[in-house]
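Here the working numbering is used: the first residue of the sequence shown is 3, the next is one more, and so on.
For every residue, glycine included, the Cβ atom is placed at its ideal position computed from N, Cα and C.
Quantities reported herein were computed from a predicted structural model and do not represent experimental measurements.
Reviewing the structure listed below.
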Amino acid sequence: MQRSSMLENGYDALLELCDRLEAIADALPNAIDVTRYEQIADTLVPTLGSLHELEEQVLFSQLLARTDGRDVTALIERLREEHQHDARAAADVAQVFRELLHGRCRLSWDAIGYMLRALFESLRRHVATERLLLSESRRGACHA
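Structure follows, in structure tokens:
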């Protein structure tokens with residue numbers, strides 16, 4: 003499978019996780035689903051980490067290969083900072099889910115809901131931005 007196809011599949015998987023996080027946030031505190039919480043706690047950080055790695059390999063190399071004379075160094079640094087921020091936020095959410103499953107979470111339901119919403123909204127924006135950059139990069143490569 004081409005790396006760009008793998009990247010699109012990764013975006014789809016991440017957006018599906020975002021939908022699941024949104025459903026959980028909407029249902030708090032009434033619908034605690036132990037299996038769903040465990041699955042998200044176990045997959046969120048690795049899914050995001052793999053996607054970030056692939057983004058850096060595919061998108062960043064495409065950006066650096068641009069021939070239109072634009073300096074993309076600041077853009078790439080900004081995207082790397084977003085990756086770090088999102089990775090920390092995902093790790094925090096995974097930890098909260100584990101704490102909830104073991105009855106040790108000290109956060110209010112409102113705080114948990116806001117935490118989930120902040121993460122999935124950030125991830126959705128990030129995916130939209132990177133898809134736009136990929137599209138522009140492909141268009142630029144076609145016109146070179």
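| said: Less than 7 Å between C-beta atoms, sequence neighbours within five positions excluded: which residues of the same chain meet that for E57? | reply: L9, E132
| request: Excluding the 5 residues preceding and the 5 following R72 in the sequence, name in chain order all residues of the same chain whose CB lies nearer than 6 Å to its CB. | output: none
| Where does V95 fall in DSSP's three states? | helix
| task | Along the alpha helix (DSSP H) that carries A15, what are the first and last residues, could you check? | result | Element bounds for A15: 5-29.
| request: Report yes if the C-beta distance between L118 and Y39 is below 8 Å; otherwise report no. | output: Not a contact, by the Cβ cut-off of 8 Å.
| Chain-order list of residues whose beta-carbon lies under 7 Å from that of E84 (same chain, five-residue window excluded) | H128
| In or out: V36 buried (at least 16 other Cβ within 10 Å) or exposed? | Answer is exposed; the Cβ neighbour count stays below 16.
| said: Here's a check: name, in chain order, each residue in its chain whose Cβ is nearer than 8 Å to the Cβ of A89, leaving out the five neighbours to either side. | reply: V47, L50, G51, H54
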